[in-house]
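Peer 1: First residue of the sequence shown? That's 6 in our numbering, and the numbers climb one at a time after it.
Don't be surprised by glycine CBs; every beta carbon is placed ideally from N, CA and C.
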Amino acid sequence: MDAIDTLAQGAYRDDNGKPVVLKCVREAERRIAGNMNMEYLPTNGLKDFIQHSIKLAYGEDSEHVKNGSIAAVQSLSGTGSCRLLAEFQRRFMPGCKVYISIPTWSNHHNIWRDAGCEQDTYRYYKESTRGLDFEGLIEDIEKAPNGSMFLMHACAHNPTGVDPTAEQWAAISKAMKTKGHFAFFDMAYQGFASGDCVRDAQAVRIFVEDGHKIALAQSFAKNMGLYGQRIGTVSVMCADQAEAVRVESQLKVIARAMYSNPPNHGALLAATVLGDEALKAQWYVEVKEMADRIINMRTLLRKHLEESGSTLPWQHVTDQIGMFCYSGMTGEQVDRLRLEHHIYMTRNGRISMAGVTSGNVERLAKAIHEVTK
Ligand SMILES: Cc1ncc(COP(=O)(O)O)c(C=O)c1O
């Protein structure tokens with residue numbers, strides 16, 4: 006643990022603490038190398054990539070993908086997808102507030118603020134159980150004015166690592182439906198949470214199954230390791246194909262003024278991986294390897310914490326899912342980790358499990374025990 010941001014940054018590392026380029030991506034890169042020109046993509050991006058991307062999210066056999074009723078454009082990864090959608094909300098849903106979970110990925114607040122949308126919050130995390138505040142969440146859905154926008158993390162909630170169960174998602178969907186709310190899912194970690202892309206998309210699919218017309222941000226930063234390539238998709242489910250054409254055209258108008266067109270290289274990489282059965286199968290294996298390494302590190306961290314003599318409860322370390330562990334440490338305890346142990350993380354006690362390795366997990370556990378006992 007010598008890098009200053011080791012446990013702060015949300016980027017996957019291997020068990021030696023090194024950045025990873027997936028083998029399937031290296032192979033896609035090899036196939037593309039020397040064969041592509043450097044022309045602009047259209048404003049809405051690479052068609053093949055978008056089709057693969059929405060199939061991955063909504064399902065290979067999704068009738069909505071098949072009948073063309075999903076408006077979708079390639080975007081600048083998860084952040085750019087949120088930004089486009091926030092702008093779309095400001096233009097076409099005037100007076101509609103966006104409800105954001107407490108806590109959330111801090112950039113959500115920046116994005117909707119800069120888009121000029123009014124924000125409110127909903128309860129999500131329960132300090133006492135370090136789990137979901139399910140009752141608070143449902144109450145806040147019921148209290149919000151009909152037709153509000155709810156921003157939800159599809160899986161691996163950042164920063165808490167706390168996700169609703171399938172049954173809870175079904176109840177959330179029902180409560181949202183009763184109120185006529187609009188669900189916007191930010192899916193930055195499909196496959197990266199459980200290792201299974203279908204399971205990680207369950208919230209999205211439950212809502213779609215219930216007849217919600219959702220919007221969705223997809224990112225290929227974490228699950229395909231394309232961080233700096235800025236590859237993602239934003240999609241909006243519409244009533245029919247004609248409406249999808251109109252919505253897509255408006256998304257293009259917004260994108261045109263913001264950045265003209267999205268990057269070509271990373272979109273070709275993702276389309277090559279997702280469009281080739283063998284490479285796609287390899288990707289599934291590699292995304293699961295990343296998820297499994299993180300799950301293993303959670304088990305080891307909890308084990309070492311318990312063996313260190315700590316009498317505090319640490320079950321939440323293994324209950325939570327995804328890149329982050331919301332440890333429950335206070336800002337002062339995080340300061341002591343930094344000053345006394347040279348271990349660095351965000352002051353809300355969030356540990357990036359991606360930076361935890363079999364080489365540093367024991368030292369981390371002992372240091373956490375020191376500052377929390
Ligand atoms: C919930 C959530 N949304 C979006 C993002 C954006 O990631 P990117 O823009 O790199 O795809 C992140 C990354 O940390 C995230 O955690």
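Bridge partners for residue 158 per DSSP, in chain order?
Peer 2: Here residue 158 is taken as the residue at index 153 of the sequence shown, counted from 1. Answer is 191, bridged to residue 158.
Peer 1: Would you tell me roughly how many angstroms separate the C-alpha atoms of residue 14 and residue 27, rounded to the nearest one?
Peer 2: Counting from one through the sequence shown, the residue named residue 14 turns up at place 9. Counting from one through the sequence shown, the residue named residue 27 turns up at place 22. Spanning the two alpha carbons is a distance of roughly 19 Å.
Peer 1: Within 8 Å, do at least three Cβ pairs link the region 64 to 79 to the region 315 to 324?
Peer 2: no
Peer 1: What residues come near ligand 1, if near means a beta carbon less than 5 Å from any of its heavy atoms?
Peer 2: Listed along the chain, these residues meet the criterion: 15, 82, 83, 84, 110, 163, 191, 193, 224 and 226.
Peer 1: So, using beta-carbon positions, are residue 235 and residue 48 closer together than 9 Å?
Peer 2: The residue given as residue 235 occupies position 230 in the sequence shown. The residue given as residue 48 occupies position 43 in the sequence shown. Against a cut-off of 9 Å, the Cβ pair of residue 48 and residue 235 comes out as no contact.
Peer 1: If the criterion is Cβ atoms closer than 9 Å, does the pair residue 129 and residue 106 meet it?
Peer 2: As a first step, residue 129 is located in the sequence shown; it is residue number 124 there, counting from the start. As a first step, residue 106 is located in the sequence shown; it is residue number 101 there, counting from the start. Yes, they are a contact pair.
Peer 1: Within 10 Å of its beta-carbon, does residue 316 have 16 or more other beta-carbons around it, so buried, or fewer, so exposed?
Peer 2: Residue numbering aside, residue 316 sits at position 311 when the sequence shown is read from its first letter. Exposed is the label assigned to residue 316, since fewer than 16 other Cβ atoms lie within 10 Å of its Cβ.
Peer 1: For the structure I just gave you, are there three or more beta carbon pairs, one from the region 153 to 166 and one from the region 175 to 189, closer than 8 Å?
Peer 2: yes
Peer 1: If you draw a straight line from the alpha carbon of residue 136 to that of residue 169, how long is it in whole angstroms?
Peer 2: Residue 136 sits at position 131 when you count from the first residue of the sequence shown. Residue 169 sits at position 164 when you count from the first residue of the sequence shown. Taking the straight line joining both Cα atoms gives about 9 Å.
Peer 1: To the nearest angstrom, how far is the alpha carbon of residue 21 from that of residue 81?
Peer 2: Working through the sequence shown from its first residue, we reach residue 21 at position 16. Working through the sequence shown from its first residue, we reach residue 81 at position 76. C-alpha separation (whole angstroms): 29 Å.
Peer 1: I'd like to know if residue 53 contacts chain D, where contact means its C-beta is closer than 9 Å to some C-beta of that chain.
Peer 2: This model lacks chain D altogether; it includes just one protein chain.
Peer 1: Going straight from the alpha carbon of residue 355 to that of residue 46, what length do you get?
Peer 2: Mapped onto the sequence shown, residue 355 falls at position 350. Mapped onto the sequence shown, residue 46 falls at position 41. Straight-line Cα distance between these residues: approximately 38 Å.
Peer 1: What does the Cβ neighbour count give for residue 163, buried or exposed, with the cut at 16 atoms within 10 Å?
Peer 2: Taking the sequence shown and counting its residues from 1, one reaches residue 163 at position 158. Here residue 163 is buried: its Cβ has 16 or more other Cβ atoms, across all protein chains shown, within 10 Å.
Peer 1: Looking only at C-alpha atoms, which of 17, 30, 25 and 16 sits nearest to residue 288?
Peer 2: Residue mapping note: residue 288 aligns to position 283 of the sequence shown, counting from 1. Of the candidates 17, 30, 25 and 16, the one whose C-alpha sits nearest the C-alpha of residue 288 is 30.
Peer 1: Can you tell me which residues form a DSSP beta bridge with residue 136?
Peer 2: Locating residue 136 in the sequence shown gives position 131, where the first residue counts as 1. According to DSSP, residue 136 bridges with 131.
Peer 1: Over the uninterrupted alpha helix (DSSP H) stretch that includes residue 104, give me the two end residues.
Peer 2: One-based indexing of the sequence shown puts residue 104 at position 99. Residue 104 -> not in any alpha helix (DSSP H); beta strand (DSSP E) instead, spanning 103 to 107.
Peer 1: Using 8 Å as the cut-off, can you tell me whether the region 247 to 262 makes contact with the region 293 to 306, which would need three or more C-beta pairs spanning the two stretches below that distance?
Peer 2: no
Peer 1: Given that a residue counts as buried once 16 or more other Cβ atoms are within 10 Å of its Cβ, and exposed if not, what is residue 88?
Peer 2: As a working mapping, residue 88 is identified with position 83 in the sequence shown. Per the 10 Å Cβ criterion, buried.
Peer 1: Provide the residue span of the alpha helix (DSSP H) that contains residue 330, from first to last.
Peer 2: Residue 330 sits at position 325 when you count from the first residue of the sequence shown. Looking at the DSSP string, residue 330 is not in any alpha helix (DSSP H); the run it does join, the beta strand (DSSP E), is 329 to 331.
Peer 1: Going along the chain, which residues of its own chain have a beta-carbon closer than 6 Å to the beta-carbon of residue 77, five neighbours each way excluded?
Peer 2: Position 72 of the sequence shown, counted from the start, is the residue given in the question as residue 77. Excluding sequence neighbours, residue 77 sits near 55, 59, 238 and 240.
Peer 1: Could you check where the beta strand (DSSP E) with residue 237 kicks off and where it finishes?
Peer 2: The sequence position of residue 237 within the sequence shown is 232, counting from 1. Residues 236 to 242.
Peer 1: State the DSSP-derived secondary structure class of residue 48, mapped to helix, strand or coil.
Peer 2: Numbered from its first residue, the sequence shown carries residue 48 at position 43. Here residue 48 sits in coil by DSSP.
Peer 1: Going by the DSSP bridge assignment, what does residue 380 pair with across the sheet?
Peer 2: The chain is shown from 6 up to 378; residue 380 falls before or after that span and cannot be answered.
Peer 1: Specify, as a first and last residue, the run of the alpha helix (DSSP H) that residue 283 falls within.
Peer 2: Within the sequence shown, residue 283 is the residue found at index 278, counting from 1. Looking at the DSSP string, the run of the alpha helix (DSSP H) that includes residue 283 is 282 to 312.
Peer 1: Are the region 97 to 105 and the region 200 to 213 touching, with three or more C-beta to C-beta distances below 8 Å?
Peer 2: Contact fails: fewer than three Cβ-Cβ distances are below 8 Å.
Peer 1: Does the Cβ of residue 99 have 16 or more other Cβ atoms within 10 Å, making it buried, or fewer, making it exposed?
Peer 2: Numbered from its first residue, the sequence shown carries residue 99 at position 94. Counting Cβ neighbours within 10 Å, residue 99 comes out exposed, since fewer than 16 surround it.
Peer 1: Would you mind giving the Cβ-Cβ distance between residue 299 and residue 358, rounded to the nearest angstrom? I have them listed as a contact below 8 Å.
Peer 2: Locating residue 299 in the sequence shown gives position 294, counting from the first residue. Locating residue 358 in the sequence shown gives position 353, counting from the first residue. At roughly 5 Å, the Cβ-Cβ gap stays under 8 Å, so residue 299 and residue 358 are in contact.
Peer 1: Take residue 178 as the anchor and find which of 12, 120, 214 and 118 has the nearest alpha-carbon.
Peer 2: In the sequence shown, counting from the first residue as 1, residue 178 sits at position 173. Residue 214 is the option with its Cα nearest to residue 178.
Peer 1: Would residue 116 pass as a contact of residue 270 if the rule is Cβ separation under 9 Å?
Peer 2: Counted from its first residue, the sequence shown places residue 116 at position 111. Counted from its first residue, the sequence shown places residue 270 at position 265. In this structure, residue 270 does not lie closer than 9 Å to residue 116 by Cβ.
Peer 1: Tell me which residue opens and which closes the alpha helix (DSSP H) that residue 198 is part of.
Peer 2: For the purposes of this step, residue 198 is identified with residue 193 of the sequence shown, where counting begins at 1. Residue 198 -> no alpha helix (DSSP H), and no H or E assigned at all.
Peer 1: Just tell me which of 308, 86 and 209 has its CA closest to the CA of residue 370.
Peer 2: Position 365 of the sequence shown, counting from 1, holds the residue named residue 370. It is 308.
Peer 1: May I ask you to report which of helix, strand or coil DSSP gives residue 342?
Peer 2: Mapped onto the sequence shown, residue 342 falls at position 337. It is helical.
Peer 1: Under a three-way DSSP split, which group does residue 352 fall into?
Peer 2: Residue numbering aside, residue 352 sits at position 347 when the sequence shown is read from its first letter. Residue state, collapsed to three classes: coil.
Peer 1: Any idea what DSSP makes of residue 77, helix, strand or coil?
Peer 2: Locating residue 77 in the sequence shown gives position 72, counting from the first residue. If DSSP states are grouped into helix, strand and coil, residue 77 belongs with the strands.
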